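Student:
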Amino acid sequence: MTVSDLCRKYVLSQAVYYKWRDKFLDGGKKGLINSGELSLVNPDKSKLEEYEKVIGRQTIEIQILKKNLNLI
27 MTVSDLCRKY VLSQAVYYKW RDKFLDGGKK GLINSGELSL VNPDKSKLEE YEKVIGRQTI
87 EIQILKKNLN LI
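Mapped onto the numbering used here, the consecutive letters of the sequence shown carry residue numbers 27 to 98.
(1) Which class does Y36 belong to by DSSP, given the choice of helix, strand or coil?
(2) My output table needs one value for L91: the three-state DSSP class, helix, strand or coil.
(3) Whole angstroms are fine: how far does the CA of Q40 sit from the CA of S65?
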């Protein structure tokens with residue numbers, strides 16, 4: 027499929043297509059330059075976010091328990 031056909035199919039200008047393509051290719055180059063460090067950072071970030079959610083829930087539970095026990 028040509029770029030023209032693709033843009034026509036998805037009602038997208040060719041300028042936007044090439045801008046997105048260049049952005050994608052630039053991101054891929056950066057990932058290769060960093061020797062895959064980016065792929066190692068993302069899992070750690072998602073783990074951190076997961077831990078923050080757990081801590082948030084536990085904090086709320088502790089507040090509720092303290093309130094029910096009239097400790098606050």
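Glycine included, each C-beta is placed from N, C-alpha and C at the ideal position. As the structure is a computational prediction, the values presented were derived from the model and not from experiment.
Tutor: Checking against the coordinates, here is how it stands:
(1) Reading the sequence shown from its first residue, position 10 is the one you call residue 36. Note: Y36 maps to coil in three-state DSSP.
(2) Within the sequence shown, numbered from 1, the residue matching residue 91 stands at position 65. For L91, the three-state secondary structure derived from DSSP is helix.
(3) Position 39 of the sequence shown, counted from the start, is the residue given in the question as residue 65. Position 14 of the sequence shown, counted from the start, is the residue given in the question as residue 40. Low confidence applies to S65: its pLDDT is 49, below 50, so where it sits in the model is not reliable, and the reading given next is rough at best. Looking at the two C-alpha atoms, the distance is approximately 30 Å.
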